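Going by numbering that gives the first Met the number 0, the letters in the sequence shown line up with residues 0 to 520, in that order.
To start, the structure itself, in structure tokens.
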Amino acid sequence: MASSAVLCIILGENDSKKLTLPLGIPGSVEELKTEIQRQCEVSGEFRLQYKDIDFDEFINLTSTSDIQNKATIKVIYLPNTPSASSLGSQPSLDEIASISSVDTDILSSSESSSSSSLRCEPWPDVFPVAEFVYDVEIQLQRANSDFQSNGTLFSPSPRMKSDILECLASQIIKYKAYPTSAEFDAVAEALVKKHPCLRERGSVTGFYGWKISLKYKMANYRTKLRNIECVELNVNSLKRKQGDPRTSPNQVKKPRRAEVNYCPNYPTGQSKESLEEERLSLLTEVTKSNNQQVIKEKMERTFAYRWHEVVEDKPFIAECKRRWPALFSEREVEAEFTRITTVPLRSKFMQQLDHHSSRLMTVFRRKGGDAGRKIRTIIADMDKNGAIETRRACVLKALIVYLNEDPENLIRDYLDVEDNQETIEQTVLGIFTISKEGAEPTDDLEDVGIIIEGVEVLHDLGNVANALAVLFGLMYSLDLSYPANLKYTFEVLQKLVMELDGTNLSTKAQVLKNKLFEGTS
């Protein structure tokens with residue numbers, strides 16, 4: 000597994016940033032661009048150049064093999080697109096002139112292949128209340144003025160209130176179909192902050208009544224969408240098709256772990272039959288070498304079809320691997336996770352893990368009893384090997400012990416896979432590591448892989464932390480439940496490390512979160 004790397008990113012004149020890559024230089028230019036977009040807050044379309052050592056000039060970057068740690072990369076913005084969103088830098092005329100038609104063709108092709116049916120943003124920190132219909136806006140502007148002048152609250156007519164709620168519901172559905180109670184609170188609070196004249200008398204929060212009304216309106220709005228065959232909602236109807244058995248209420252399929260795209264509609268112009276043809280074509284493409292871009296495009300086009308199959312049919316892993324072999328690679332697990340959550344997988348996992356490591360170590364060292372002794376034994380390995388991969392593995396194992404769960408339920412070390420085949424076949428879910436014969440505990444591992452339902456789904460993952468990040472991505476990609484004997488470990492990884500649905504925590508996870516953030520406010 001490649002070690003971490005840093006790059007100097009030139010965003011414009013007198014504007015550059017340091018890019019940290021915990022997993023090393025990405026395998027493709029597209030992956031590097033994604034990291035630049037995320038860490039440097041670059042929006043719009045752009046291409047990259049790198050500072051060539053031989054010529055001391057910036058040359059178009061076509062392969063990440065051309066760059067090494069501490070290389071200098073220049074962002075070249077394409078015409079009619081914004082530059083770095085945070086600083087507003089603009090491309091120079093010579094940069095615009097240097098853009099080739101080939102670059103434009105590639106970008107157009109990539110853009111057209113994306114699925115417009117997918118949500119592209121997670122639930123916002125502050126809910127954006129859009130403008131209402133014209134007559135409602137006029138009345139609210141007048142009422143807000145009266146409120147500012149003399150504190151008079153406004154009581155909208157039933158029709159006007161319905162219009163307001165309908166508009167809010169249409170905004171909510173852009174982020175998720177089934178908001179939590181806290182998210183309804185956020186929407187109602189945003190409404191009365193933007194339009195203070197709508198605050199309620201006799202309510203502690205000033206918006207409790209709006210929250211309740213919004214819950215009912217959202218339920219009605221879902222019914223309306225279900226009636227027009229919105230697949231995401233139709234999957235939960237009691238009578239999905241004539242002749243189909245009625246679905247049990249216990250089988251309702253809805254996001255459980257902050258999934259943004261859950262049961263999405265098929266892409267425009269596509270049907271189940273056409274997407275099945277794409278799947279069959281994909282089986283051929285995965286047998287070809289150097290074919291990642293074609294596979295990526297086909298995987299994106301078939302996402303809704305594949306995800307419905309995973310959620311509704313719940314196939315065994317062996318069957319899923321037979322039908323979708325392309326999914327079982329590090330690259331595609333990461334891409335699938337991002338399609339489902341809009342969040343990058345491994346970079347976020349490693350950065351957050353590294354960010355919390357020092358504080359976690361402080362918390363771990365305070366642990367007493369048998370768990371404390373086990374943690375100190377695990378941490379002792381860090382003194383023998385200072386590699387970041389070793390540190391991450393030790394932190395993760397210590398975390399599992401701290402949560403009163405057993406690391407061996409997740410990570411098992413073997414000397415030879417074949418000698419332990421029977422044990423592996425009985426493993427429901429876990430990570431295996433292969434150590435060289437006679438190796439020290441801190442020596443590099445010969446192999447690291449993932450087992451699900453007794454099937455080895457991935458190997459050559461380099462180290463434990465990377466394997467756990469990929470396994471976490473597979474939990475989402477295959478819609479797997481967290482194992483009962485590791486539920487707190489995966490909850491912490493989801494809600495504290497990956498920051499997905501981080502407001503709704505179990506008592507044990509909340510206590511750890513409080514300790515992590517002690518003295519930071």
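All residues carry an ideal CB built from backbone N, CA and C; glycine is no exception.
Keep in mind that this is a model prediction, so the values were computed, not measured.
Drop a sphere of 10 angstroms on the beta-carbon of Glu94, count the other beta-carbons inside from all chains shown, and report buried for 16 or more, exposed for fewer. With a pLDDT of 40 at Glu94, under the threshold of 50, the predicted position of this residue should be treated as unreliable, though the coordinate-derived value follows. Per the 10 Å Cβ criterion, buried.
Are there three or more Cβ pairs, one per stretch, closer than 8 Å when the segment 344 to 354 is compared with the segment 304 to 321? no
Three-way DSSP call (helix, strand, coil) for Ser212 in this model: helix
C-alpha distance - Arg365 paired with Val400, whole-angstrom precision: 13 Å
In angstroms, rounded to a whole number, what distance separates the CA positions of Ala386 and Asp380? 11 Å
Quick check on Thr227: buried or exposed, where buried means 16 or more other Cβ atoms within 10 Å of its Cβ? Reading off the sequence, residue 227 comes out as Ile, not Thr. Classification of Ile227: exposed, given that the 10 Å Cβ count is below 16.
Which of the three DSSP states, helix, strand or coil, is assigned to Lys15? For the sequence presented, residue 15 should be read as Ser rather than Lys. Three-state result, Ser15: strand.
Short Cβ contact (7 Å threshold) for Gln170 with Ala129: yes
From Pro244 to Leu117, what does the alpha carbon distance come to, in whole angstroms? Model confidence at Pro244 stands at a pLDDT of 47, short of 50, so the residue's coordinates are unreliable; what they give is reported in the following sentence. Whole-angstrom Cα-Cα distance: 29 Å.
Residue range of the alpha helix (DSSP H) that includes Gly472: Val463 to Ser476
Backbone secondary structure at Gly448 - three-state DSSP: strand
Closer than 7 Å, CB to CB, is Glu199 near chain B or not? Any reference to chain B falls outside this structure, which holds one protein chain only.
Assess contact between the segment 204 to 221 and the segment 282 to 294, defined as three or more Cβ pairs (one per stretch) separated by less than 8 Å. Is contact present? no
Use the C-beta contact count for Ser64: other C-beta atoms within 10 angstroms, 16 or more gives buried, fewer gives exposed. exposed
So, helix, strand or coil for Lys347, using DSSP? helix
Can you tell which of Ala397, Arg330, Ser346 and Glu498 has the C-alpha that lies nearest to the C-alpha of Arg358? Ala397
Please classify Val41 as buried or exposed, where buried requires at least 16 neighbouring CB atoms within 10 angstroms. buried
For Gly429, the nearest candidate out of Asp443, Tyr207, Leu467 and Tyr49 (CA to CA): Leu467
Cβ shell of Asp145 (< 6 Å), same chain only, five flanking positions each side left out: Thr151
Counted within 10 angstroms of its Cβ, other Cβ atoms place Cys196 as buried (16 or more) or exposed: buried
Who does Ala4 pair with in a DSSP beta bridge? Leu20
Starting from Tyr76, follow its DSSP beta bridges and name the residues at the other end. Phe45
Range covered by the beta strand (DSSP E) that runs through Leu457: Val454 to Leu457
For Asp380, name the three-state secondary structure that DSSP assigns. helix
Near Thr61, what residues of its chain come up, given a Cβ to Cβ distance below 8 Å and the 5 sequence neighbours on each side ignored? Val28
How about Phe315 and Val456: are their beta carbons less than 7 Å apart? no
Could you work out which residue in Glu165, Arg256 and Val469 is closest to Met217 when comparing CA atoms only? Glu165
Chain-order list of residues whose beta-carbon lies under 8 Å from that of Tyr475 (same chain, five-residue window excluded): Arg256, Glu258, Glu335, Phe336, Ile339 and Thr340
Taking Ile450 and Thr432 to be in contact with their CB atoms under 8 Å, please state how far apart those CB atoms are, rounded to whole angstroms. Rounded, the Cβ-Cβ distance is 11 Å, inconsistent with contact.
Which same chain residues, not among the five before or five after Leu470, have their C-beta less than 7 Å away from its C-beta? Ile430 and Ile449
Please give me, in chain order, every unbroken run of the alpha helix (DSSP H) with length at least 4 that falls completely inside the segment 295 to 364. 302 to 307, 316 to 322, 329 to 340 and 345 to 364
Which one of Phe153, Lys297 and Glu404 has the shortest CA to CA distance from Ala508? Glu404
Limits of the unbroken beta strand (DSSP E) element including Thr432: Leu428 to Ile433
Cβ-based burial, Thr506 [other Cβ within 10 Å; buried from 16]: exposed
Go through its chain and collect everything with a Cβ distance to Ala185's Cβ below 6 Å, but skip five positions before and after it. Phe126
Would you mind giving the Cβ-Cβ distance between Ala303 and Pro263, rounded to the nearest angstrom? I have them listed as a contact below 8 Å. 5 Å
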